[in-house]
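The next block holds one structure in the form of structure tokens; read it before the comments.
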Amino acid sequence: SGPLKDMDFSVPEEGGPRILHQFTLEPPAVSFRMSGEKNGIIDIEPKTGILYINGSLDWETQQVHKLQVESLNASGNIVQGPYAVTIHVEDINDNPPEFDQKRYFGVVRQNSRPGKPFMYVHATDHDDPTTPHAQLSYSILHHFPNPYEEMLFQIDNVTGAISPSRTGSYYLDPQKQNTFTLVVSVKDMAGKTINAFTSSVDVIILVMESLWKAPPIIHIKENSTQVHPVNISKVQSNEPDVIYDIFEKEKLPRLPFSISENGDIYVTEPLDREEKDTYTFFVVSKDNTGELVDKPLQIHVIVDDINDNPPVCQQDLTVIEVQENEMGGSNIGTVFATDMDKKDTLNSRLRFYIQSQEPEFPSDNLFYIQQDTGTLQLTGPSLSKRDSAKYSLKVLVTDKKFETICDVEVHVIDINDQIPIFKSSDYGSVTVAEDIPVGTVILEIQATDGDEPDTGSSLIIYQVKEGDPNNTFIIETDSKTNRGFIKINKALDFETITVYNLVINATNPEPLVPGVQYNSSSLTMFKVFVTNVEEPPVFLHPVYKTEVSEDIPVNTLVMTVEAYDPEGDSVRISKIVLKEVQGKYAQCLACGKILFLQESYLLIEAIYSIEVVVSELNNAAQKSKAFLILHLRDVNDNPPQIAMDYPTFFCYPVSGGEKTLIQAIDADEQFFYSKFTFSLADEMNARNNWEISKFNATHAYLSPKHANFEEKTYDVPIILNDNGNPALENKVNLKVSICKCSSENSCF
Numbered sequence: 017s018g019p020l021k022d023m024d025f026s027v028p029e030e031g032g033p034r035i036l037h038q039f040t041l042e043p044p045a046v047s048f049r050m051s052g053e054k055n056g057i058i059d060i061e062p063k064t065g066i067l068y069i070n071g072s073l074d075w076e077t078q079q080v081h082k083l084q085v086e087s088l089n090a091s092g093n094i095v096q097g098p099y100a101v102t103i104h105v106e107d108i109n110d111n112p113p114e115f116d117q118k119r120y121f122g123v124v125r126q127n128s129r130p131g132k133p134f135m136y137v138h139a140t141d142h143d144d145p146t147t148p149h150a151q152l153s154y155s156i157l158h159h160f161p162n163p164y165e166e167m168l169f170q171i172d173n174v175t176g177a178i179s180p181s182r183t184g185s186y187y188l189d190p191q192k193q194n195t196f197t198l199v200v201s202v203k204d205m206a207g208k209t210i211n212a213f214t215s216s217v218d219v220i221i222l223v224m225e226s227l228w229k230a231p232p233i234i235h236i237k238e239n240s241t242q243v244h245p246v247n248i249s250k251v252q253s254n255e256p257d258v259i260y261d262i263f264e265k266e267k268l269p270r271l272p273f274s275i276s277e278n279g280d281i282y283v284t285e286p287l288d289r290e291e292k293d294t295y296t297f298f299v300v301s302k303d304n305t306g307e308l309v310d311k312p313l314q315i316h317v318i319v320d321d322i323n324d325n326p327p328v329c330q331q332d333l334t335v336i337e338v339q340e341n342e343m344g345g346s347n348i349g350t351v352f353a354t355d356m357d358k359k360d361t362l363n364s365r366l367r368f369y370i371q372s373q374e375p376e377f378p379s380d381n382l383f384y385i386q387q388d389t390g391t392l393q394l395t396g397p398s399l400s401k402r403d404s405a406k407y408s409l410k411v412l413v414t415d416k417k418f419e420t421i422c423d424v425e426v427h428v429i430d431i432n433d434q435i436p437i438f439k440s441s442d443y444g445s446v447t448v449a450e451d452i453p454v455g456t457v458i459l460e461i462q463a464t465d466g467d468e469p470d471t472g473s474s475l476i477i478y479q480v481k482e483g484d485p486n487n488t489f490i491i492e493t494d495s496k497t498n499r500g501f502i503k504i505n506k507a508l509d510f511e512t513i514t515v516y517n518l519v520i521n522a523t524n525p526e527p528l529v530p531g532v533q534y535n536s537s538s539l540t541m542f543k544v545f546v547t548n549v550e551e552p553p554v555f556l557h558p559v560y561k562t563e564v565s566e567d568i569p570v571n572t573l574v575m576t577v578e579a580y581d582p583e584g585d586s587v588r589i590s591k592i593v594l595k596e597v598q599g600k601y602a603q604c605l606a607c608g609k610i611l612f613l614q615e616s617y618l619l620i621e622a623i624y625s626i627e628v629v630v631s632e633l634n635n636a637a638q639k640s641k642a643f644l645i646l647h648l649r650d651v652n653d654n655p656p657q658i659a660m661d662y663p664t665f666f667c668y669p670v671s672g673g674e675k676t677l678i679q680a681i682d683a684d685e686q687f688f689y690s691k692f693t694f695s696l697a698d699e700m701n702a703r704n705n706w707e708i709s710k711f712n713a714t715h716a717y718l719s720p721k722h723a724n725f726e727e728k729t730y731d732v733p734i735i736l737n738d739n740g741n742p743a744l745e746n747k748v749n750l751k752v753s754i755c756k757c758s759s760e761n762s763c764f
């Protein structure tokens with residue numbers, strides 16, 4: 017309660033009767049009066065001043081009630097006021113959301129972008145939109161049918177936009193399922209409380225084939241005379257207002273295609289199939305941000321052939337040779353021509369016709385050509401070179417549109433019906449020494465042939481037919497004169513063959529015609545006598561090699577050499593030492609066959625070269641040489657020594673703990689270095705004053721055992737051993753100096 021004044025009240029709707037306030041009277045006022053938007057349920061008790069609501073307010077009907085209150089005296093005159101009383105009606109969630117349609121219908125294209133809306137649902141709520149009571153949230157309650165684990169559709173919970181999910185964008189296919197029913201739910205209170213009001217509606221979705229698909233293979237006739245660009249196809253995205261573009265699959269100098277903003281594809285210039293017969297490129301669709309809307313489409317274009325190329329003769333002049341004895345119907349050759357138009361089409365099909373023949377003797381149709389293959393044949397009896405040695409043909413080659421003339425010459429060649437005939441059937445004999453050089457000409461022979469000169473029918477080939485089993489002789493032909501030159505092909509040997517009885521035949525490279533055969537006229541004979549030449553003895557090998565150990569015992573057999581005389585004379589072997597080292601050499605037995613080592617321990621050289629001479633016993637001037645190579649293998653036969661590359665010393669005074677590195681070497685190969693041992697001799701002064709320790713296979717440390725050394729040189733007896741072999745043990749006295757040292761740690 018309180019005095020009369022302006023007041024505001026907030027009252028929830030649907031609250032029922034209630035008292036809002038009590039105004040108190042102030043004299044001379046005796047009563048109150050109210051006016052305004054009372055709507056029959058808002059009033060004030062005149063005497064008591066109680067402001068009350070006699071019913072329920074409704075926010076959806078009126079959100080604000082504006083009233084005026086004044087106090088009156090006994091005469092009914094206004095004492096105070098009027099004062100404004102405003103009642104604000106507060107909304108409560110008393111209205112469920114309602115869809116604006118009883119059922120929704122939508123269409124989605126196959127392969128539509130995921131998340132791209134293709135339809136909307138909309139619901140309204142009559143509660144206060146500024147409160148959660150009217151904040152709506154959409155969701156898909158059911159999905160019929162649902163063939164996959166994931167839903168094919170999704171909905172924006174705020175806007176009600178329905179779009180394909182990623183799964184739906186991939187799997188939606190009208191051939192498999194073209195209709196879906198979604199049960200879409202809407203809740204108020206933003207769907208965040210369990211007490212929110214809920215409504216639902218069916219959404220029927222029809223799946224249609226994608227508009228975005230590659231057109232069939234596009235065929236374009238080459239060399240079109242139309243005004244370009246020419247529309248050849250069209251593509252259309254599932255979404256409106258996209259931007260179309262083309263990009264190449266091949267790296268071409270230019271791509272003769274373009275696309276309009278409506279998806280129309282154009283060829284921009286005439287195409288030439290002979291230049292390029294197919295094209296492949298991609299068409300893409302993008303949104304205004306440059307993002308791809310659809311998957312790229314691959315476009316295939318085939319350039320169709322037209323008959324725009326004439327036949328071309330493969331040769332400017334086709335020359336065909338025909339022997340005189342060729343029979344009628346024989347294939348004598350082929351005229352070849354090509355056409356650049358598409359292979360295996362009527363545009364490139366060629367036909368051949370003989371247009372003319374020169375000369376037309378003895379007939380004007382001596383030749384026939386197969387019209388589809390270009391194969392030339394003789395039509396009648398065999399040709400005669402006496403009639404004509406050459407025929408000129410004009411061959412017409414045509415396709416459906418063009419013609420070309422090909423020139424052909426048919427040369428009539430002589431047949432091989434004459435055999436070579438020797439001028440002499442016996443060339444007697446030739447005597448040659450057995451040492452005659454290989455390649456020497458020993459005889460010229462000549463045969464003649466009556467066939468046409470400078471052809472395979474008249475060229476003569478000479479061969480030794482009999483009497484030369486080892487191909488000792490060879491015959492070369494001068495193709496211009498047909499003369500034959502008999503040459504030595506391999507070295508002669510009097511001791512093997514003394515006489516050759518040769519039979520030589522003459523033939524042609526071209527086969528003889530049937531009925532003609534080579535006979536005795538194409539044969540000749542002659543003898544070759546070989547005379548003996550005194551020859552020196554011969555070693556079985558020009559070089560003999562062997563390997564022995566350096567400790568080989570004296571008089572050990574190390575090598576055998578053998579020689580013989582081609583004439584069978586007795587031989588003698590002697591030696592010449594090419595390299596003599598300190599009197600160490602090898603020598604041969606007087607028998608001339610066995611080589612002995614005369615002295616052991618050949619240490620100086622690893623390889624010895626010895627020249628051995630063989631000569632005839634009765635003619636020392638007839639001799640030959642051979643070389644003996646003797647390799648010596650090293651053995652471990654040298655005791656180790658101390659390497660004296662630099663003096664051994666310790667700086668005075670000795671403090672103890674110093675050590676110096678000493679090295680052992682021997683004269684053997686490094687293969688035997690691996691196991692040197694170092695020890696001090698068993699002498700009192702040595703063991704009391706020094707100690708030695710191994711560092712590796714060839715080095716050891718020597719160090720003093722105390723500091724009581726004088727400034728002088730000491731002899732340190734050291735025992736060196738190689739691989740534990742007592743025979744390879746060596747005692748050496750190592751000179752060790754105790755001296756004052758310079759700053760560079762050297763004695764002075």
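In the working numbering, the protein residues as written are 17 to 764. Don't be surprised by glycine CBs; every beta carbon is placed ideally from N, CA and C. Remember, it's a predicted structure, so these values are computed and weren't measured experimentally.
Should residue 314 and residue 230 be called a contact, given that it needs their Cβ atoms to be closer than 9 Å?
A Cβ-Cβ contact shorter than 9 Å links residue 314 with residue 230.
On the DSSP letters alone, give me the boundaries of the alpha helix (DSSP H) that residue 184 sits inside.
182-187
Tell me, please, which residues DSSP counts as bridged to residue 720.
DSSP, once it has assigned bridges, lists 706 as partnering residue 720.
What is the DSSP secondary structure of residue 575, reduced to helix, strand or coil?
strand
Is DSSP giving residue 72 helix, strand or coil here?
In the structure shown, residue 72 falls within a coil segment according to DSSP collapsed to helix, strand and coil.
Locate the beta strand (DSSP E) running through residue 500, then write down its first and last residues.
499-504
Considering Cα atoms alone, identify which of 721, 714 and 46 is closest to residue 705.
If we check each option's Cα against that of residue 705, 721 comes out closest.
Round the Cβ separation of residue 682 and residue 738 to the nearest angstrom and send it over; I've been treating them as touching at under 8 Å.
6 Å
Taking buried to mean at least 16 other C-beta atoms within 10 Å of its own C-beta, is residue 158 buried or exposed?
exposed
To the nearest angstrom, how far is the alpha carbon of residue 212 from that of residue 152?
10 Å
Closest by CA to residue 630, which one among 647, 656 and 581?
581
Less than 9 Å separating the beta-carbons of residue 561 and residue 645?
yes
Just to confirm, is the Cβ distance from residue 574 to residue 568 under 9 Å?
Closer than 9 Å, so yes.
If distances are taken between C-alpha atoms only, which option among 193, 83, 94 and 494 comes closest to residue 67?
83
In angstroms, rounded to a whole number, what distance separates the CA positions of residue 284 and residue 244?
Here the C-alpha atom of residue 284 lies approximately 5 Å from the C-alpha atom of residue 244.
My output table needs one value for residue 647: the three-state DSSP class, helix, strand or coil.
Secondary structure of residue 647 (DSSP, three-state): strand.
With the cut-off set at 9 Å, would you say residue 214 and residue 201 are in Cβ contact?
With a cutoff of 9 Å on beta-carbon distance, residue 214 and residue 201 are scored as near each other.
From residue 564 to residue 655, what distance separates their C-alpha atoms?
22 Å
Apart from the five residues on each side of it in sequence, which residues of its chain come closer than 7 Å, Cβ to Cβ, to residue 483?
516, 517, 518 and 519
Give the C-beta separation of residue 642 and residue 559 to the nearest angstrom, bearing in mind that I take them to be a contact with Cβ-Cβ under 8 Å.
7 Å
Buried or exposed for residue 327, going by 16 or more other Cβ atoms inside 10 Å?
Label assigned to residue 327: buried.
Rounded to the nearest angstrom, what separates residue 276 and residue 253 at their Cα positions?
13 Å
Smallest Cα separation from residue 623: which of 672, 236 and 566?
566
What's the call for residue 407, buried or exposed, on a 16-neighbour Cβ count within 10 Å?
buried
Go to residue 132, then tell me how far its beta strand (DSSP E) extends in each direction, as first and last residue.
Note, residue 132: premise wrong, no beta strand (DSSP E); not H, not E.
Any idea what DSSP makes of residue 362, helix, strand or coil?
Per DSSP, reduced to three states, the secondary structure at residue 362 is helical.
Does the beta-carbon distance from residue 116 to residue 144 come in below 9 Å?
no
Hey, how far is the Cα of residue 671 from the Cα of residue 723?
5 Å
So, are the CB atoms of residue 388 and residue 368 less than 9 Å apart?
yes
Express the C-alpha separation of residue 441 and residue 636 in angstroms, rounding to a whole number.
47 Å
May I have a chain-ordered list of the beta strand (DSSP E) segments no shorter than 3 residues that lie completely inside the region 219-298?
234-237, 246-250, 259-264, 273-275 and 280-283
Quick check on residue 98: does DSSP put it in helix, strand or coil?
strand
If you measure between the beta carbons of residue 448 and residue 458, is that distance less than 9 Å?
yes
Which two residues bound the contiguous beta strand (DSSP E) that contains residue 374?
367-374
May I have the straight-line CA-CA distance separating residue 684 from residue 694, to the nearest angstrom?
18 Å
Taking just the CA atoms, how far does residue 238 sit from residue 288?
When the Cα atoms are used, residue 288 and residue 238 turn out to be separated by approximately 5 Å.
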